[in-house]
Every structure is written in C-alpha cells, then in structure tokens.
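In numbering that gives the first Met the number 0, the protein residues as written are 0 to 278.
One structure below.
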Amino acid sequence: MKREFTKMHGLGNDYIYFNCLTEDIPHPEALAVRLSDRHFGIGGDGIILLCSSDRADVKMRMFNADGSEGKMCGNGIRCVGKYLYDNGIVTKTNLDVETRSGIKKLELHVQDQVVRSVRVDMGKADFSPESIPVLLDGNHIIHRELLLAGRKYFITCVSMGNPHCVVFVEDVDSVPIATEGPMFENASVFPDRTNTEFVQVQSGKVLKMRVWERGSGETLACGTGACASVAAAVANGICSRDEEIRVCLKGGDLFVRYTEETVLMTGNAEKVFEGVVNI
C-alpha cells in the first residue's frame, strides 16, 4: 500500500503527517516505529494522523517514535493547522483541533497565502497530582524534593494534557540528559512515565530549556514542555502571570503566555518535504 506523507517540523520537532480524512492507516503504532528511524526510515520524532472529527475541524492522533500514542503535541498541532490551510482543506484562520486531551483552538498567522506561525490555546495547566499522574502526597507538586539515584532534585509537576516534570538548573547545557532523562521518565513515582524539562532561568521573561520526551528521547523542541515550564516558573515565583515569556529551545524559540484562564503558545510551523512511502 502506497501512501502520501508530508514531513513537517516546529522548531525541529519533526513528525511525519498522513491525511486520514478519507482513508485510515492500519497499525499506526508499528508504522511510527518503522518510519521514525532516521537511518532506515523517513526519520522523525513520530507520526501524526489527520482524521475526521464530529466535534472539530479535524482530529489529530500522534504516535511517538516508540509506537506509544500521545495525548497532545504542541509543536505537532501547529503543523496540523498549517497542513490544513496550505492544502486548502480549510480556508479559515481560526480552527478547532480535537486531541486526546480535548479540543484546542488555533489561530493561524498567514503571509503570502502560507501559514508562517500558529498561536494555540493549550488550555489550563493542571497541577493536581492525579492529572499527571505522580504518586506523591499533596494538592500539588511545586518545588518538591525528590531523591533519584542517590541525588536530590527539586521538581514541579504539571499536566498540559500530558505529564511534565520541570527541573530548574543552573546550567542547562551541562545536564547529562541522556542519563538523567530516562531516569526521570521511568521513575516509579510516574506510573505513566513523564516528559522532563530541564530549565535555566535567564531572566524573568526568558527561559532556556532542554527536554527529554517520553517515548522519543531528547528532542529539539517540545511545545507542551515549554508551556509546562512557564507554568512552573510562575508557580515558583520566577516569572509573572499574563506576560509573554520567551522559551529558548535547541530548535528555536517559543512564546508562551500563562493567563488565569489558559496557556497560549505561539511558534512557527514548517513543511520540509512531501513523498510517498510503502506501508
């Protein structure tokens, strides 16, 4: 079976997109593992399927490089908006996308009939331990001490539709993320595993972040992770609520505003290439 695909990225967080509005793709979990391989496949952090929805303009399904299905992807959903508009599937600049973590509202910024960037209403940041989930006592986990592998960390846990553990560090570039990332991801206090953000505070309006994503490893960017980092920074008194915070990632910058009602994220969306693959 031959299927057309589009390779897209948001700040280097790249996914392989399939239009499933009229035809489903069988076994997307296995397909994600095969196609995400950067040596023997197309290469990417996973695959994203655009499916029909009776609740929104489109339904997004995202599968990580290890085949696990994610509930939400901030960088991926911006590219969904670009795909729909640039291909003439929708002609409006405000649209709704159904995800496993609810319906997200997108505002497309168009220049020369092409989407250049997208603002996403990511919904509320949820600090309740059961929403993440994290097996620690209390109504929230903010600057909580955690002992892993004999070392003490201070963590802040927040759900942005998927689980995040934010760790503020002095020098993010020196973090041995290849060892510490999996340690957090598979820690027993996170029964569903977790994404982990290591964040360096450069100022009250600028954060520098590296991310270890569950199921994918270190990626160049993570939209929900940037939102979680800003929410954690506000909860820890580092940043102010309802201000535009620049989050510097390895793949570029995201701009996040954490209000009383929601979290707003703005960033680019790029098409890399189109192709056809045997599945």
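Glycine included, each C-beta is placed from N, C-alpha and C at the ideal position.
Check, Outcome
"Three or more C-beta pairs below 8 Å linking the stretch 232–241 and the stretch 8–27", "no"
"Proximity winner among 162, 95, 47, 157, relative to residue 117 (alpha-carbon distances)", "95"
"Residue 226, enclosing beta strand (DSSP E) - first and last residue", "Note, residue 226: premise wrong, no beta strand (DSSP E); alpha helix (DSSP H) at 222–234."
"Cβ contact check for the stretch 184–195 and the stretch 257–270: 3 or more pairs under 8 Å", "no"
"Backbone CA spacing between residue 281 and residue 274 [nearest angstrom]", "Past the edges of the chain, shown from 0 to 278, lies residue 281, and the structure says nothing about it."
"Check whether residue 168 and residue 199 have beta carbons under 7 Å apart", "yes"
"7 Å Cβ cutoff met for residue 45 and residue 17", "no"
"Burial state of residue 137 (16 or more Cβ within 10 Å)", "exposed"
"Cross-strand partners of residue 156 (DSSP beta bridge)", "164"
"Nearest neighbour of residue 5, chosen from 56, 144, 34 [CA to CA]", "34"
"Residues that DSSP places opposite residue 144 in a beta bridge", "153"
"Those runs of the beta strand (DSSP E) which lie wholly inside the stretch 4–80 and span at least 3 residues", "12–19, 45–50, 57–63"
"Reference residue 19; option with closest CA among 13, 70, 3", "3"
"Within 7 Å, strictly: CB atoms of residue 158 and residue 191", "no"
"Selection from 220, 109, 149 that minimises the alpha carbon distance to residue 250", "220"
"Given residue 247 as reference, the closest of 37, 226, 142 once Cα atoms are compared", "226"
"Beta-bridge pairing of residue 108 - partner residues as DSSP gives them", "116"
"Proximity below 7 Å, CB of residue 71 to CB of residue 203", "no"
"Test item: CB-CB of residue 57 and residue 48 under 7 Å", "no"
"Reduced DSSP secondary structure (H/G/I, E/B, other) of residue 176", "helix"
"Delimiting residues of the beta strand (DSSP E) encompassing residue 271", "269–277"
"Bounding residues of the beta strand (DSSP E) (the contiguous stretch that carries residue 208)", "205–212"
"Residues bridged to residue 125 (per DSSP)", "158"
"Cut-off 7 Å between Cβ atoms - residues of its own chain near residue 130, not counting five sequence neighbours on either side", "158"
"Start and end residues, beta strand (DSSP E) containing residue 256", "251–257"
"Helix, strand or coil at residue 83 [DSSP, three-state]", "helix"
"Per-residue burial, residue 282 [other beta carbons within 10 Å of its own, 16 or more giving buried]", "No answer is possible for residue 282: the residues shown for the chain start at 0 and end at 278."
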